[in-house]
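Engineer: Submitted below is the structure of interest, expressed as structure tokens.
Residue numbers (our numbering): 447 to 952.
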């Protein structure tokens, strides 16, 4: 495992630096908008738009990475994210900042999809659970450290935007300069939400609610803190306490959820979290800082645990072969909740004051607790030994679906990266020459030629049938393997390829 960590060090380093920038901007934006006099409702809208971008990125990141490759997509998206942050420093305008938050969410989704699929490709069946644990620790450590950068300068100055942009630009360097080449990303179809709801109603509803809770509390906590004079270094400590709670509570929660009925654990935790949140609003006006920090850490920690509990609850009702497609839909449900959370909470805070944030959270948690009780009355508890294990998940970004040790493991299929990229670049301007290149590669190495042909088969300007017929004559022994690869890449041509005359093997 030590060698594996060393080999992935550049990727983990990029992830850590990137999260430092994200952690800084996540606390800076609500603080700056509050100082600029924007209404809480406007702040909520701007912060909700981040999850709109995250949702768009989750839907399209896979196809974009397949076109451009992991390293180029990661570098391009992180750089664009840095640009969006720097643009925010030019004008204090809600419409502009909201637009840039969409861009930021999209870029982050694409960047983390690239990193997570890379980690999955680099791990084996035995090591992917450990890789996931290190990855989540790096993510939370970056977010934790990013909070303290807000003390470097006055939030009303533009220097903090510049620092966040610099951090994101630096995050590109370790990956770009590493010796690794990006892996081939596998695309998975997602299980429809309606079907997943039929299989696990509580899993879907809990994912949606956890998205609302998580996005609301971690987006608007700085606004709540400002109303109670928690500013400067104290604000950094306050946000760090919330993030630390999100990390440390996953261990006891995971222990309990694997040994007792998961729904009972979720119900009790929701009641504890709602009570701790209400305690925060009572203690904050009294100025009992340590108690406010502790209660906030507890409620934020439990809120962060709601998402992995939801995933575990849903996976309990599924076959292992269905888990990856189901987790994609659960990420979608969480992102939809993320869009609703900050704006809904900001409306309540705008009407009743900053302290209403935790009352809003308590209300949502009690609604979910009621639904948990309802589900417990209509479906018997699953035997403890049949429950899937709890796995720590980072709710801030899309989950590392393929790294989850509960999902079915598929051995990564590696393509010859250099030949594929070169041929695809040629195909943009000269498709015929690209086909000739694939044939030339096949003459030297049949397997590499098939991999290049498979990559070309998805392009609209390539005559796949002619390429198949010609390459089959060059490598007749591998004709069946070539046919399978091309049909998998372009299923629409299955009929034509299957009925074409196979070459004779001499």
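Glycine included, C-beta positions come from ideal geometry on N, C-alpha and C.
1. Name the two residues that bound the continuous alpha helix (DSSP H) containing residue 924.
2. Might you give, ordered along the chain, the residues of its own chain that have their beta carbon closer than 7 angstroms to the beta carbon of residue 486, omitting 5 neighbours on each side?
3. Identify which residue in 814, 720, 761 and 752 has its Cα closest to the Cα of residue 803.
4. Would you mind stating whether residue 650 and residue 641 have Cβ atoms separated by less than 8 angstroms?
5. Since residue 746 and residue 692 are thought to touch, with beta carbons under 8 angstroms apart, how far apart are those beta carbons, to the nearest angstrom?
6. Which residue spans inside the segment 542-619 form an unbroken alpha helix (DSSP H) run of at least 4?
7. Am I right that residue 898 and residue 887 are in contact with their C-beta atoms under 8 angstroms? What's the rounded C-beta distance?
8. Expressed to the nearest angstrom, what Euclidean distance is found between the alpha-carbon atoms of residue 783 and residue 807?
9. In this structure, does DSSP put residue 480 in helix, strand or coil?
10. For residue 660, report the span of its alpha helix (DSSP H) as first-last.
11. Taking only three categories from DSSP, how would you classify residue 707?
12. Is residue 903 helix, strand or coil by DSSP?
13. Between the alpha carbons of residue 935 and residue 462, how many angstroms are there, rounded?
14. I want to know whether the segment 466-476 touches the segment 588-595 - three or more CB-CB distances under 8 angstroms.
15. Assess contact between the segment 542-558 and the segment 491-500, defined as three or more Cβ pairs (one per stretch) separated by less than 8 angstroms. Is contact present?
16. In terms of alpha-carbon separation, which member of 762, 525 and 901 lies closest to residue 513?
17. Looking only at its chain, what residues have a beta carbon closer than 6 angstroms to the beta carbon of residue 759, apart from the 5 residues adjacent to it on each side?
18. Per DSSP, what kind of secondary structure is residue 513 in: helix, strand or coil?
19. With 16 as the cutoff for other CB atoms within 10 Å, does residue 705 come out buried or exposed?
20. Just to confirm my understanding: we take residue 954, look at its own chain, exclude 5 residues before and 5 after, and list those with CB closer than 6 angstroms. What are they?
21. On the three-state DSSP scale, how would you describe residue 912?
22. Could you have a look at residue 638 and say whether DSSP puts it in helix, strand or coil?
23. Taking the C-alpha atoms as reference points, what is the distance between residue 672 and residue 477?
24. Could you say which of 615, 654, 542 and 700 lies nearest to residue 524 if we only look at CA atoms?
25. Quick check: residue 541 and residue 458, are their CB atoms within less than 8 angstroms of each other?
26. Along the alpha helix (DSSP H) that carries residue 820, what are the first and last residues, could you check?
27. Determine the DSSP secondary structure at residue 472, reduced to helix, strand or coil.
28. Look up residue 676 in the DSSP assignment and say whether it is helix, strand or coil.
29. Using the C-alpha atoms, what's the distance from residue 556 back to residue 920?
30. Give me the Cα-Cα distance between residue 702 and residue 563, rounded to the nearest whole angstrom.
31. According to the neighbour-count rule (16 or more other Cβ atoms, all chains shown, within 10 Å of its Cβ), is residue 757 buried or exposed?
32. Roughly how many angstroms lie between the CA atoms of residue 535 and residue 937, to the nearest whole one?
33. Cβ atoms of residue 659 and residue 810: under 8 angstroms apart, would you say?
34. Given this structure, state the Cα-to-Cα distance separating residue 533 from residue 801, to the nearest angstrom.
35. To the nearest angstrom, report how far apart residue 492 and residue 455 are at their CA atoms.
36. For residue 601, which of 678, 654 and 875 has the nearest alpha-carbon?
Structural biologist: Looking at the coordinates:
1. Residue 924 -> no alpha helix (DSSP H), and no H or E assigned at all.
2. Beyond the five residues adjoining it in sequence on each side, residue 486 comes within less than 7 angstroms, by CB distance, of 669, 792, 795 and 796 in the same chain, given in chain order.
3. Closest by alpha carbon: 720.
4. Between residue 650 and residue 641, the gap from beta carbon to beta carbon reaches 8 angstroms or more.
5. About 6 angstroms; that satisfies the 8 angstroms criterion.
6. With a minimum length of 4 residues, the continuous alpha helix (DSSP H) runs that stay inside the segment 542-619 are 574-592.
7. Cβ atoms of residue 898 and residue 887 come within 8 angstroms of each other, at about 5 angstroms.
8. In this model, residue 783 and residue 807 are separated by some 13 angstroms (Cα to Cα).
9. Residue 480 falls in the helix class under three-state DSSP.
10. Looking at the DSSP string, the run of the alpha helix (DSSP H) that includes residue 660 is 647-673.
11. Correct three-state label for residue 707: coil.
12. Of the three classes helix, strand and coil, the one that applies to residue 903 here is coil, per DSSP.
13. Roughly 35 angstroms between the two C-alpha positions.
14. Yes: the two stretches touch, three or more of their Cβ pairs being nearer than 8 angstroms.
15. Judged by Cβ distances under 8 angstroms, the segment 542-558 makes contact with the segment 491-500, as three or more pairs qualify.
16. The shortest Cα separation from residue 513 among 762, 525 and 901 belongs to 901.
17. Cβ within range, chain order: 648, 649 and 708.
18. In the structure shown, the three-state DSSP call for residue 513 is helix.
19. Exposed: under 16 other Cβ atoms inside 10 Å.
20. A query on residue 954 cannot be resolved here, the shown segment of the chain reaching from 447 to 952 and no further.
21. Looking at residue 912 - three-state DSSP - the assignment turns out to be helix.
22. Collapsing the DSSP output to three states places residue 638 in coil.
23. If I take the Cα positions, the gap works out to 8 angstroms.
24. Between residue 524 and the set 615, 654, 542 and 700, the nearest pair of CA atoms involves 615.
25. Cβ distance not < 8 angstroms, so residue 541 and residue 458 don't count as in contact.
26. Its alpha helix (DSSP H) spans residues 802-824.
27. Residue state, collapsed to three classes: helix.
28. If DSSP states are grouped into helix, strand and coil, residue 676 belongs with coil.
29. Here the C-alpha atom of residue 920 lies approximately 39 angstroms from the C-alpha atom of residue 556.
30. Straight across, the Cα-Cα distance linking residue 702 with residue 563 is about 30 angstroms.
31. Classification of residue 757: buried, given that the 10 Å Cβ count is 16 or more.
32. Whole-angstrom Cα-Cα distance: 48 angstroms.
33. Yes; because the gap between Cβ atoms is below 8 angstroms, this pair is in contact.
34. Each residue's Cα considered, the two are about 32 angstroms apart.
35. So the two alpha carbons sit approximately 34 angstroms from each other.
36. The closest CA to that of residue 601, considering only 678, 654 and 875, is found on 678.
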